[in-house]
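Have a look at the structure below before the remarks.
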Amino acid sequence: MTDSVPSAQVAPAFRERVLALVARIPEGRVMTYGQLALLAGNPGAARQAGFVMNSLVGGVSVSGDGLPWHRVINAQGRVSTHKVGFGDMQEGLLRAEGVELDSTGRCDLAARQWWPEEERGAPPTPLL
1266 MTDSVPSAQV APAFRERVLA LVARIPEGRV MTYGQLALLA GNPGAARQAG
1316 FVMNSLVGGV SVSGDGLPWH RVINAQGRVS THKVGFGDMQ EGLLRAEGVE
1366 LDSTGRCDLA ARQWWPEEER GAPPTPLL
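Shown next, in the form of structure tokens:
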């Protein structure tokens, strides 16, 4: 997650689209910040998607309003919340849902990344 994007730079409509997507991520699956940005209509705005998610950490979503914030990870397949104090919690929540993390904390995005049914053509060809 990121804390370097001022809230004024995140349009309310983008925020709502990101949150609507996060609410749909099934148990045991993950999405990346960049993927959220792409599907929310702002390709390349991974930092802004991260800011939206960061605004939830420590707030209502951690306390259980049902939004699966923990299912959003970075493009390397790792959680980005260690620097804000929620990394171990996020990893634990993912493991409890059956998301396997290797010894470096990375999950297999090819196996666990979720794309909405209507976006089946969206996954880009992996660069690495």
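Residue numbers (the numbering used here): 1266 to 1393.
A virtual CB, placed ideally from N, CA and C, is assigned to each residue, including glycine.
Taking C-alpha atoms, which residue in the options lies nearest to residue i?
i            : options                               : result
glycine 1370 : Trp1379, Trp1380, Glu1382 and Ala1340 : Ala1340
proline 1381 : Leu1304, Asn1319 and Asp1353          : Leu1304
valine 1337  : Leu1374, Glu1383 and Gly1350          : Leu1374
valine 1364  : Val1295, Leu1284, Val1275 and Pro1277 : Val1295
lysine 1348  : Arg1280, Leu1366, Asn1319 and Val1283 : Asn1319
Which term fits residue i, buried or exposed, when burial requires 16 or more other beta carbons within 10 angstroms of its beta carbon?
i              : result
glycine 1342   : buried
alanine 1311   : buried
alanine 1302   : buried
glutamate 1292 : exposed
glutamate 1459 : No information on residue 1459 is available, as it lies outside the stretch 1266 to 1393 that the chain covers here.
glutamate 1281 : exposed
proline 1308   : exposed
serine 1368    : exposed
ask   = Pairing CB atoms from the stretch 1307 to 1316 with CB atoms from the stretch 1288 to 1295, are three or more of them under 8 Å?
value = no
message = Which complete alpha helix (DSSP H) runs does the stretch 1289 to 1376 hold, if anything under 4 residues is left out?
response = 1298 to 1304, 1311 to 1319 and 1352 to 1361
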